[in-house]
Structure formats: C-alpha cells, structure tokens
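Here's the structure, in structure tokens; my notes come after.
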Amino acid sequence: MVMEKDKTTTHHPSEGDSNLSPGRAEWFRQNAGGKSASMVDEDGRYFLRQALSTPCLAAVTRAEGIWIEDADGNRYMDFHGNNVHHIGYGHPRLVQALKNQMDTLPFGPRRFTNEVAIELAAKLTSIAPRGLGKLLFSTGGSDANEMALKLARAATGRHKTISFWDAFHGAGFGAISVGGEDIFRSGPIGPLLAGTEHVAPFSC
Numbered sequence: 002m003v004m005e006k007d008k009t010t011t012h013h014p015s016e017g018d019s020n021l022s023p024g025r026a027e028w029f030r031q032n033a034g035g036k037s038a039s040m041v042d043e044d045g046r047y048f049l050r051q052a053l054s055t056p057c058l059a060a061v062t063r064a065e066g067i068w069i070e071d072a073d074g075n076r077y078m079d080f081h082g083n084n085v086h087h088i089g090y091g092h093p094r095l096v097q098a099l100k101n102q103m104d105t106l107p108f109g110p111r112r113f114t115n116e117v118a119i120e121l122a123a124k125l126t127s128i129a130p131r132g133l134g135k136l137l138f139s140t141g142g143s144d145a146n147e148m149a150l151k152l153a154r155a156a157t158g159r160h161k162t163i164s165f166w167d168a169f170h171g172a173g174f175g176a177i178s179v180g181g182e183d184i185f186r187s188g189p190i191g192p193l194l195a196g197t198e199h200v201a202p203f204s205c
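Just so you know, we're using my numbering here: the sequence shown kicks off at 2 and counts up by one.
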C-alpha cells in the first residue's frame, strides 16, 4: 500500500495490502521461528514479488487434513477452502489415485489419448447441462477462462464482455481484463483487452 506523509492511502485498498501492514509484520515477528524466517528471507531473494501472496507467511514443510506445519514445528488450521481444497491435504484416496497414475502414465501428451482422460471427459459431459457435450482440459481456472474467451469470440464474432466489478476470473491477461479487481487492473502492464465492460455487483 502506498502511503503519503499524512498516512492516507493513494489508491483503493485491496486484498494484497494486508501483506505489507504493520499487523502482518508484527505477526511474523512473534510467530516465525529462526528456520522459517530464514527460508522466507531466502525465498525473497529468488522469487518475484506477487501482490497477493508475498512476503510469505512462513515456510511450510508438511500438511495433512486441515493442518499445515511450518519449518519450526508450528501447526496452523487452514481455513482457505478456495473451492478445490475441501477434501483436505493428503486425502488417502487422492494420494493413492495419484500414485497409481504416476506408476502407469505420469503424463499424457495431447497428440495421444488415454483411458483416464476419456473416462473423465465422459463423466463431465454426462453431468453437464444439455448441449455441452464437448470439453477441453486446462491447467486451472484462469486458463479455462482464457480458452472460454477465445471460443466465445470465435463462435459469436463479437469481442465485448460484461462482468461485475470486484469479480475474480484468474490472473491471465484476458482473465484480468474481464475481472473487476483493482489490484489486477491497475499498475504498469498497460491497457487491457478492449470491450471489457463492468457493472456493479447485483447485491449493491
């Protein structure tokens, strides 16, 4: 957060500002042990800063269920559901499925098909709304939205979109263009995609 001499902010506060707050620094001073603090410092030497996730809270060494453990043995309950973390860390069924897959086919090049990919595609299309019988796999939500933007343009011949202010659709260039969070839309990256209109969320 950029501060003037009179301590007023020069931009609208965002989620990432808490990473640089005095309270955050005090928490780190009180909770980060020597080993964890040293690893966080080392992390800062090599990785580019990200507005929402740096500096790191601690150095994590293991996680199980709802618990994460740092390099000094402190355990934290992880409340970050994030839509995809609900089964907890290291769920036995997921771990076993991953091990089985790594033992048989650790990577499936797209120019080849495989049984697992076909089974997953069939399952997803069977539960999708009528008319959605084709799919593409992506590496994450941001990539999925990037592909959706391209498909929509190709299918309609139009390029304009409308979405809510403060909505998050990913951190890719197209995704932040249709997204509405100030922290992703401001800064030195220059103009975003044209035609990305925004409106206030319906509950405002």
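Every residue gets a Cβ at the ideal spot worked out from N, C-alpha and C, and that includes glycine.
query: Cβ-Cβ distance between GLY89 and GLY66 below 8 Å; result: yes
query: N-terminal and C-terminal residue of the alpha helix (DSSP H) that ASP42 is part of; result: 35–47
query: Beta-carbon proximity check, ILE163 vs VAL200, cutoff 8 Å; result: yes
query: Among ALA195, THR55, ARG186, the one whose alpha carbon lies nearest that of LEU21; result: THR55
query: Endpoints, beta strand (DSSP E) assigned at ARG94; result: Here ARG94 belongs to no beta strand (DSSP E); instead the alpha helix (DSSP H) covers 93–105.
query: 8 Å contact criterion, which GLU198 and LYS151 should meet: CB distance rounded; result: Not confirmed; about 18 Å, so no contact.
query: Inter-residue spacing [alpha-carbon to alpha-carbon] between ALA129 and ARG154; result: 22 Å
query: PHE169 versus VAL96 - alpha carbon distance; result: 30 Å
query: Delimiting residues of the beta strand (DSSP E) encompassing GLU70; result: 68–71
query: ASP42, buried or exposed, once every other Cβ within 10 Å from all chains shown has been counted against 16; result: exposed
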